[in-house]
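Residue numbers (my numbering): 604 to 977.
The next block holds one structure in the form of structure tokens; read it before the comments.
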């Protein structure tokens with residue numbers, strides 16, 4: 604692609620014409636007389652001073668194209684140029700510029716917009732975003748209640764809400780705003796969306812919560828703790844369990860939603876105090892035990908992930924292990940690992956990780972007196 608400098612050099616636009624200086628009429632008259640006396644007129648002259656007439660006026664014409672007309676006097680318009688009609692070559696586009704010039708202008712305009720930079724992510728942006736989210740949630744709820752049997756009338760508000768949820772993803776790059784997000788009620792609003800009638804909205808909210816709480820986020824402990832405490836206070840765990848129950852893993856979107864939800868549980872367990880708190884959630888523990896026992900032709904990613912989360916919770920606290928043992932987890936896990944007495948699963952697959960997670964959880968559980976009795 605030619606450089607901008609080359610494009611401007613090659614553009615076939617004539618240079619700007621300069622107006623000639625206005626001469627004094629007396630000087631013009633004197634110059635005309637002097638020129639006539641020196642024989643510089645259109646006719647020749649003989650030595651005696653007489654004019655020598657030429658036989659044909661056409662012979663006096665100079666060869667070559669006619670000279671262009673002189674420029675009009677200042678303040679007057681020149682003669683109208685003939686209409687050349689449409690340009691077959693596509694040189695002009697209605698604006699009097701060439702295609703190359705148009706491309707250059709587009710490039711310069713785009714560069715100017717890029718120079719403005721992205722939107723500044725600060726407390727002002729956060730306040731505006733939280734307010735917009737609150738309005739979107741209220742508007743969608745209002746339309747859903749008013750037109751419950753006419754989805755076409757509220758689907759637009761749902762799309763807007765979905766876009767606002769996804770826009771919160773950038774917050775994970777600015778963890779310094781986490782405490783403010785929690786204080787503004789954003790964390791509670793986000794958790795509340797897990798109860799939305801549209802599971803797609805709930806799944807998007809779960810995914811964003813997973814991004815905000817991911818261990819790769821460069822958040823200070825105080826920042827991360829402030830956000831997580833607000834999420835837990837809004838009943839995050841209970842709503843995650845509710846979604847585990849209503850999501851159908853036969854559907855790909857729902858299956859992804861279960862995976863995101865398990866990721867959130869794992870993220871929360873990175874703080875020992877929170878892991879211990881999660882270990883007391885009987886609803887969560889019950890679902891995990893059922894999920895690892897579900898019959899599948901091949902061990903799926905979600906089944907393995909459920910076993911991994913259960914293993915993490917089995918290590919969290921003695922109280923948590925006691926609760927897991929109380930749900931007959933030891934007997935269930937012994938039956939699950941019995942099949943591996945005859946041989947190990949294929950290396951590097953989901954089933955190998957699943958087996959390792961089962962043994963890890965079982966080892967933790969039987970260390971407890973109640974577990975040994977089982």
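For every residue, glycine included, the Cβ atom is placed at its ideal position computed from N, Cα and C.
Using DSSP with H/G/I as helix, E/B as strand and the rest coil, what is residue i?
| i | result |
| --- | --- |
| residue 666 | Only weak support exists for where residue 666 lies, its pLDDT of 48 falling under 50; the value from the coordinates is given anyway. Correct three-state label for residue 666: coil. |
| residue 757 | coil |
| residue 742 | helix |
| residue 837 | coil |
| residue 750 | coil |
| residue 724 | coil |
| residue 778 | helix |
| residue 845 | helix |
| residue 975 | helix |
| residue 920 | coil |
| residue 732 | helix |
| residue 934 | helix |
| residue 825 | helix |
| residue 949 | coil |
Over what stretch of residues does the alpha helix (DSSP H) that includes residue i continue unbroken?
| i | result |
| --- | --- |
| residue 906 | 904-917 |
| residue 810 | 802-815 |
| residue 820 | Per DSSP, residue 820 belongs to no alpha helix (DSSP H) and is neither H nor E. |
| residue 782 | 781-786 |
| residue 879 | 875-881 |
| residue 954 | 953-969 |
| residue 891 | 885-896 |
| residue 944 | That residue, residue 944, is in no alpha helix (DSSP H); it is neither H nor E in DSSP. |
| residue 857 | 855-871 |
| residue 798 | No alpha helix (DSSP H) contains residue 798, which DSSP labels as neither H nor E. |
Tell me which residues share the same chain as residue i and place their Cβ nearer than 8 Å to its Cβ, disregarding the 5 neighbours each side in the sequence.
| i | result |
| --- | --- |
| residue 790 | 784, 830, 833, 834, 837 |
| residue 905 | 852, 858, 861, 862, 865, 894 |
| residue 746 | 756, 757, 760 |
For residue i, which residues in the same chain have their Cβ closer than 7 Å to its Cβ, ignoring the five residues on either side in sequence?
| i | result |
| --- | --- |
| residue 807 | 765, 768, 769 |
| residue 773 | 724 |
| residue 930 | 888, 889, 892 |
| residue 870 | 813, 816, 817, 818 |
| residue 899 | 906 |
| residue 826 | 778, 779, 781, 782 |
Given residue i, which residues of its chain have a CB within under 6 Å of its CB, disregarding the five upstream and five downstream residues?
| i | result |
| --- | --- |
| residue 954 | 902, 948 |
| residue 799 | 805 |
| residue 963 | 914 |
Whether or not the segment 881-900 and the segment 911-930 are in contact is what I'm after, with contact meaning three or more pairs of Cβ atoms, one per stretch, closer than 8 Å; do they touch? yes
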